[in-house]
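Asker: Following this message is one structure expressed as structure tokens.
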Amino acid sequence: MNILSERTGSGNLIRASGIRYNHKGSTAMVHARKEVILAVSGIGDARLLGDRGIDFILDLPAVGENLQDHAVGSICFEATDAVDTLDALIRQETDVVAQAIDLAYFEIIEKALLDPNEPTAAYLVVSAQMPQSAGWLDGSSRGPLPGKFLAIGAMLSHTLSRGTAHIQSNDYSTPPVIDPKYLSNPIGMEVLAQHMLEIEKIARAPSFSKLLKQPLSHGDPASRSTNTEEAKQYLRGKTISMWHLGSTCVMLPKTKGGVIGANLKFAFPTISTAYFQATVYAFAERASQIIKAGWVGWSLRN
């Protein structure tokens, strides 16, 4: 499949006009009257596209750059027997898995802890061990731990690191290569490390004394930190995604490494401080107004 393109009246801009595709040995073309969603479009880094057998239409090296996501670090502590947790589900115990279909997962999310005095991160509690903070990440011979656990996590609200997301083939069914580069910015690393130390303080608070075994028992001994350097060492191998990835088409002038202008037709320049569904709605509403206004003007001119 290829994107058909044409230059605008001024000759300086390229407009996607349709697609050319193969079906059962025959080639066909479809022309669009309005918007075209781009994929394997030939718009991006010319060298990267050429290496993957794709003819470039417009050389925009910034496409796929500026990837952002909310990084999460957590520490799990062994809980008392009186606390209801989801560890049996984590261990895939048969009787619990059978009941999990009816589990209201959002009830757990509602129990997330937010600290209003620390706007650099959002705190959350998961009533079960988490692989990275219990010491049994993928590839480890150590599986889910016996017992009950509470995991306390901190999600960076403002991501400072910038990753990439690029194609690795001209076959659109081949997954892209994504490198979030979590905590590659030293400030982000410092901030999240401070929050790991704060989690240690939270776990020692009197309000947790009836929930967590005393003295505190860490699911992963490596998660026990007494200073920022120890916390950073822990985070280098245990940071995970909050699955809020976005912003690979930065809204800046092309001369400054940008991909889009103020017409909002591509994506966010930065991600919001939390899950950005509400932001998407507001963004899409404004973008639809701009697109419709543009097509009204085009209809009048033609």
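Following my numbering, the numbering of the sequence shown begins with 637 at its first residue and continues without gaps. For every residue, glycine included, the Cβ atom is placed at its ideal position computed from N, Cα and C.
Who pairs with G789 in a beta bridge, going by DSSP?
Answerer: BP columns for G789 point to S710, L760.
Asker: Buried or exposed for L680, going by 16 or more other Cβ atoms inside 10 Å?
Answerer: According to the sequence provided, residue 680 is Gly. The question's Leu does not apply to it. Burial call: buried.
Asker: Nearest to V719 by alpha carbon, out of D691, E701, L696, V762?
Answerer: The shortest Cα separation from V719 among D691, E701, L696, V762 belongs to V762.
Asker: Nearest by alpha-carbon distance to A758: which of P842, Q830, L852 is it?
Answerer: Ranking the options by Cα distance to A758, first place goes to Q830.
Asker: Any contact between the stretch 685-693 and the stretch 848-863? By contact I mean 3 or more CB pairs, one from each, below 8 Å.
Answerer: No, the stretch 685-693 does not touch the stretch 848-863.
Asker: Pull up the CB-CB distance for M825 and L871, whole angstroms please, since I reckon it's below 8 Å.
Answerer: Their Cβ separation, rounded to whole angstroms, is 7 Å, which keeps M825 and L871 in contact under 8 Å.
Asker: How far does the beta strand (DSSP E) with I814 in it reach, from first residue to last?
Answerer: Note, I814: beta strand (DSSP E), 813-815.
Asker: If you measure between the beta carbons of I876 and V708, is that distance less than 8 Å?
Answerer: Cβ distance < 8 Å, so I876 and V708 count as in contact.
Asker: For A801, tell me which candidate among I926, D705, Q925, R656 has the shortest Cα-Cα distance.
Answerer: Ranking I926, D705, Q925, R656 by Cα distance to A801 puts D705 first.
Asker: In three-state terms, what does DSSP make of Y657?
Answerer: In the structure shown, Y657 sits in a strand (DSSP, three-state: E or B).
Asker: Contact check, L792 vs V827 under 8 Å by CB: the rounded distance?
Answerer: About 6 Å; that satisfies the 8 Å criterion.
Asker: Just tell me which of P842, K837, G873 has its CA closest to the CA of L819.
Answerer: Closest option to L819, Cα to Cα, is G873.
Asker: Throw me the rounded Cβ distance for the A790 and I835 pair, which I believe falls under 8 Å.
Answerer: About 6 Å; that satisfies the 8 Å criterion.
Asker: Drop a sphere of 10 angstroms on the beta-carbon of E865, count the other beta-carbons inside from all chains shown, and report buried for 16 or more, exposed for fewer.
Answerer: Classification of E865: exposed, given that the 10 Å Cβ count is below 16.
Asker: Please list the terminal residues of the continuous alpha helix (DSSP H) segment that includes A839.
Answerer: It spans 822-839 - the alpha helix (DSSP H) in which A839 sits, taken as one unbroken run.
Asker: Given this structure, state the Cα-to-Cα distance separating H659 from N806, to the nearest angstrom.
Answerer: Roughly 17 Å separates the two Cα atoms.
Asker: Using CA coordinates, which residue listed in A839, V813, L694 is at the minimum distance from F713?
Answerer: If we check each option's Cα against that of F713, A839 comes out closest.
Asker: What residue range does the beta strand (DSSP E) around A801 cover?
Answerer: First-last of the beta strand (DSSP E) with A801: 800-802.
Asker: Can you list, in chain order, the residues of its chain with a C-beta nearer than 7 Å to that of S797? Leave out the 5 residues immediately preceding and following it.
Answerer: Hits under 7 Å: K817, Y818, L819, S820, N821, G824.
Asker: Can you tell me whether V719 is helix, strand or coil according to DSSP?
Answerer: Reduced to three states, the DSSP call for V719 is coil.
Asker: Going straight from the alpha carbon of I737 to that of L725, what length do you get?
Answerer: Because I737 carries a pLDDT of 40, less than 50, the predicted location of this residue cannot be relied on, and no value is offered for it.
Asker: Which residue marks the beginning of the beta strand (DSSP E) containing T663, and which one marks its end?
Answerer: Start and end: 662-667.
Asker: Identify the residues that DSSP records as bridge partners of I679: which are they?
Answerer: According to DSSP, which records beta bridges pairwise, I679 is partnered with L694.
Asker: Quick check: the Cα distance between I814 and I690, rounded to an integer number of angstroms?
Answerer: Rounded to the nearest angstrom, the two C-alpha atoms are 19 Å apart.
Asker: Do you know offhand how far L703's Cα is from G799's?
Answerer: L703 and G799: Cα-Cα distance of roughly 4 Å.
Asker: I788 to S845, Cα distance in whole Å?
Answerer: So the two alpha carbons sit approximately 14 Å from each other.
Asker: What three-state label does DSSP hand L819 in the structure shown?
Answerer: Coil at L819, not helix or strand.
Asker: Can you say whether Q850 is buried or exposed, counting buried as having 16 or more other CB atoms within 10 angstroms of its CB?
Answerer: Q850 is exposed by the Cβ-count criterion.
Asker: If you draw a straight line from the C-alpha of D723 to the C-alpha of L781, how long is it?
Answerer: Cα to Cα, the separation comes out at about 8 Å.
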